[in-house]
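Taking it in order: structure first as structure tokens, then the write-up.
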Amino acid sequence: MTVAKRPIVVETIRGMREALAAERAAGHSIALTPTLGALHDGHLAHVQRAAELADVLVVSIFVNPTQFPDAADLAKYPRTLDADLLVLDAAGVHYVFAPSVEEMYPGGPTQTTVTAGTVGRLFEGASRPGHFDGVLTVVTKLLDIVTPNVATFGQKDAQQLFLVRRMVGDLNLPVRIEAIETVRESDGLALSSRNQFLDANQRRAARTLSVALEAVSSSADRGLDAALAAGQGALMGESLVQLDYLKIVHPQTFMPVDDDYRGAAVVIVAAQLGSTRLIDNESIYLG
Ligand code: PAF
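Here the working numbering is used: the first residue of the sequence shown is 4, the next is one more, and so on.
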């Protein structure tokens, strides 16, 4: 079904709502892929899956200031709208919602926020205080503006995906959350908009994150301590990688599992390479 000339770039909330009201009136279902821009093949995997699930594809591009506790990190986050639009055009996206900060936060950061709770203060939330409150608040706003039938979120940001799913459940939001598998470089490095900040040595060292995840995974049948030791061993020899955390969490709670836990789990890792923070994760089975 042909829906519109594409992609139509919409900068206002009102314009987005009107365009999508017309699509819904025409009987079209809607998918939203929220992004910070600086798009790569990982984002295209979202769009491809979204195209299987809905008639109208909306990608939002908004570098959300409220999820960046570090002003320097916000300032240097790559902004590549023109290149992103070319990619999204080729991918068959119908609408790009690209609001300004003033459009999304006319009076400054909202007084009313969504609080991510205990899990939101762990791991990424511990290193970046307030990050997940900012994420959940902007995702709520985006879901309200676009009112999609389905919204895609990447497995790479496992904690974010967990928290978005929990929010949608807790607040009874009428949207299906579709998880999109992590896309990797040939050496295993997970695609990320932040990879472009790595110099050649850091880029070479960055593969250690996925090597460590593999080491944990392949030792998982020996229990938690042995699995974590294998992962830490893989990271130890790489001086450019400053480990923040390597943890094993329960998929249903995202809380660290007990030493004697057996069953499905997720190993999560975060590290600093120079000024660049990278995260990754893998599903495992602790035996
Ligand atoms: O994962 C991201 O790109 C962002 O956190 C999101 C979901 C677009 C919210 O700003």
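Note that beta-carbon positions come from the ideal geometry of N, C-alpha and C, so glycine has one too.
All values derive from a computational prediction rather than experimental measurement.
Practice item. Go through its chain and collect everything with a Cβ distance to F165's Cβ below 6 angstroms, but skip five positions before and after it. Key: F257
Practice item. Look at V214 and I251 and say whether their C-beta atoms are less than 9 angstroms apart. Key: no
Exercise for review: Could you spell out the range, first to last residue, of the beta strand (DSSP E) harbouring G157?
Suggested key: 153-157
Practice item. Kindly indicate which three-state DSSP category V141 falls into: helix, strand or coil? Key: helix
Point to revise | Pocket of the ligand PAF (residues with CB nearer than 6 angstroms to any heavy atom), chain order | key: P37, T38, L39, N67, Q70, V138, V141, V142, D160, Q163
Point to revise | Residue interval of the alpha helix (DSSP H) (run including E217) | key: 211-221
Exercise for review: Flag this pair as yes or no: are the beta carbons of I287 and A273 separated by less than 9 angstroms?
Suggested key: no
Check your understanding: Would you call the segment 50-60 and the segment 74-83 in contact, with 3 or more CB pairs under 8 angstroms?
Key -> no
Check your understanding: Going by C-alpha distance, which of R225, E285, T155 is nearest Y264?
Key -> R225
Exercise for review: Report buried or exposed for V270, applying the criterion of at least 16 other Cβ atoms within 10 angstroms of its Cβ.
Suggested key: buried
Check your understanding: Does the segment 141-158 come close enough to the segment 17-28 that 3 or more CB-CB pairs lie under 8 angstroms?
Key -> yes
**Study point:** 4 or more residues per run - each alpha helix (DSSP H) lying fully within the segment 176-257
**Key:** 203-209, 211-221, 227-239
Review point. Who pairs with D283 in a beta bridge, going by DSSP?
Key: V272
Check your understanding: Would you say E14 and V59 are within 9 angstroms of each other, going by their C-beta atoms?
Key -> no
**Study point:** Presumed contact (8 angstroms Cβ cut-off) between R82 and G40, rounded CB distance
**Key:** 6 angstroms
**Study point:** Nearest to K79 (by Cα), restricted to the options D262, L216, Q199
**Key:** Q199
Review point. Residues bridged to T38 by DSSP?
Key: I64
Practice item. Report the residue ranges of all beta strand (DSSP E) runs contained in full by the segment 53-98; include only those spanning at least 3 residues, in chain order. Key: 59-64
Review point. CA-CA distance, L91 and P10?
Key: 7 angstroms
Review point. So the alpha helix (DSSP H) V260 belongs to, where does it begin and stop?
Key: First-last for V260: undefined, no H or E at that position.
Review point. Under three-state DSSP, which class holds G133?
Key: coil
Review point. Does any residue of chain D bring its CB to less than 9 angstroms from the CB of S278?
Key: Of the chains in the structure shown, none is chain D; there is only one protein chain.
Review point. Roughly how far, in whole angstroms, is the beta-carbon of V12 from the beta-carbon of V99, given that I think they are within contact range, below 8 angstroms?
Key: 5 angstroms
Point to revise | Residues near L125 in its chain [Cβ-Cβ closer than 8 angstroms; skip 5 each side] | key: Q162, F257, M258
Check your understanding: Buried or exposed: where does S32 fall if 16 or more other Cβ atoms within 10 Å of its Cβ makes it buried?
Key -> exposed
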